[in-house]
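Trainee: Residue numbers (this note's numbering): 180 to 469. All C-beta atoms, glycine included, are put in the ideal place defined by N, C-alpha and C. The structure is given below, and queries will be raised subsequently.
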């Protein structure tokens, strides 16, 4: 695709069909895979995670298998146009000039041009990829569309893409903690940047403390989020790592798995993932580039 050739889309479509099969059998396991893979901020890796999260949201929203498959496919290809943006801009560690940011805003057009060279894709694929950076409040790009004029697939993938971007390292900042990223999504929803229905579905899919998050419980134990817990999004199922006295918990003890909702226990603090130098607040340092 990048060299101007034509690519058969059947292989990519088959990949997303396999994701869907895995997703419907165990959503939590697939989300765990995405959590583990997020240390690599490469474009292809981000697209893969966006695809998986997008399918998970669509499943939670009750979309059928064919619609979920299409969303997964678009998630993989939606950001390809970024490879045509100069690396000096893509990897900038300081604030972009207006001219440089304009180049970033052109990448949906580049994606559209690239997708037109791919056989086997339905017309909805380039359409949704083109709308990926629109916002419900009309402040997105490239056309400033708003509300329902943005395709439902795009509204779903926008949320997935934003979460992936926040929890992945960037040249100008470290990744955000998963809890901080989820809280930021909720904040952006209040100003209508994202579709509230989609964000709610993502919250139910991921929980406020996503799988893999390390948390402190109100009884001073430290745990890792093991499973989401339906509507109890702030009381997930956890695996105890550390006892209140600081000793390590026995990982083979069945009692180490705790449903916080059933136990009536609250999370009091989210901790950075060990070894990941995560930001504990969404400070949004603006990149500057000259």
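Give me the residue from 325, 452 and 228 with the minimum Cα distance to residue 372.
Mentor: Residue mapping note: residue 372 aligns to position 193 of the chain shown, counting from 1. Closest option to residue 372, Cα to Cα, is 325.
Trainee: Smallest Cα separation from residue 412: which of 419, 418 and 404?
Mentor: For the purposes of this step, residue 412 is taken as the residue at position 233 of the chain shown. Nearest option by C-alpha distance: 404.
Trainee: Do residue 449 and residue 357 have their CB atoms nearer than 9 Å?
Mentor: Residue 449 sits at position 270 when you count from the first residue of the chain shown. Residue 357 sits at position 178 when you count from the first residue of the chain shown. Their beta carbons are under 9 Å apart, which means residue 449 touches residue 357 by this criterion.
Trainee: Report yes or no: do three or more beta-carbon pairs, one from the segment 255-270 and one from the segment 222-231, lie closer than 8 Å?
Mentor: The segment 255-270 vs the segment 222-231: in contact.
Trainee: Comparing alpha-carbon positions, which option in 409, 295, 394 and 424 lies nearest residue 418?
Mentor: In the chain shown, the residue the question calls residue 418 occupies position 239. Cα-wise, what sits closest to residue 418 is 394.
Trainee: Using a Cβ-Cβ distance cut-off of 9 Å, determine whether residue 421 contacts chain C.
Mentor: No chain C is present in this structure, which holds just one protein chain.
Trainee: State the DSSP-derived secondary structure class of residue 266, mapped to helix, strand or coil.
Mentor: Here residue 266 is taken as the residue at index 87 of the chain shown, counted from 1. Residue state, collapsed to three classes: helix.
Trainee: If I follow the unbroken beta strand (DSSP E) through residue 406, where does it start and stop?
Mentor: Here residue 406 is taken as the residue at index 227 of the chain shown, counted from 1. Counting along the chain, the beta strand (DSSP E) containing residue 406 begins and ends at 401-406.
Trainee: So, helix, strand or coil for residue 438, using DSSP?
Mentor: By one-based count along the chain shown, residue 438 stands at place 259. Three-state result, residue 438: strand.
Trainee: Run the CB neighbour count on residue 431, radius 10 Å, all protein chains shown included, and call it buried at 16 or more, exposed below.
Mentor: Your numbering for residue 431 matches position 252 in the chain shown. Residue 431 comes out exposed.
Trainee: Indicate whether residue 402 and residue 414 have their beta-carbon atoms separated by less than 9 Å.
Mentor: As a first step, residue 402 is located in the chain shown; it is residue number 223 there, counting from the start. As a first step, residue 414 is located in the chain shown; it is residue number 235 there, counting from the start. For residue 402 and residue 414, no; Cβs fall outside 9 Å.
Trainee: Would you call the segment 235-245 and the segment 259-276 in contact, with 3 or more CB pairs under 8 Å?
Mentor: Segments in contact, no.
Trainee: Going by DSSP, what residue range makes up the beta strand (DSSP E) through residue 344?
Mentor: Within the chain shown, numbered from 1, the residue matching residue 344 stands at position 165. Looking at the DSSP string, residue 344 is not in any beta strand (DSSP E); the run it does join, the alpha helix (DSSP H), is 331-345.
Trainee: In the DSSP output, what is residue 393 paired with across the bridge?
Mentor: Taking the first residue of the chain shown as 1, we reach residue 393 at position 214. DSSP, once it has assigned bridges, lists 403 and 450 as partnering residue 393.
Trainee: Taking Cβ to Cβ, would you say residue 390 is nearer than 9 Å to residue 207?
Mentor: The residue labelled residue 390 in the question sits at position 211 within the chain shown. The residue labelled residue 207 in the question sits at position 28 within the chain shown. Contact: yes.
Trainee: What does a CB cutoff of less than 6 Å around residue 286 pick up in its chain, not counting 5 residues either side in sequence?
Mentor: Residue 286 sits at position 107 when you count from the first residue of the chain shown. Same-chain partners within the cutoff: 260, 261 and 264.
Trainee: Would you mind working out which of 378, 349 and 327 sits nearest residue 225, comparing C-alpha positions?
Mentor: On the chain shown, residue 225 is found 46 positions in, with the first residue counted as 1. Measuring from the Cα of residue 225, the nearest candidate turns out to be 349.
Trainee: Judging by CA-CA distance, which residue of 397, 423, 406 and 398 is the nearest neighbour of residue 383?
Mentor: Counted from its first residue, the chain shown places residue 383 at position 204. If we check each option's Cα against that of residue 383, 406 comes out closest.
Trainee: Are the segment 424-439 and the segment 366-380 touching, with three or more C-beta to C-beta distances below 8 Å?
Mentor: The segment 424-439 vs the segment 366-380: no contact.
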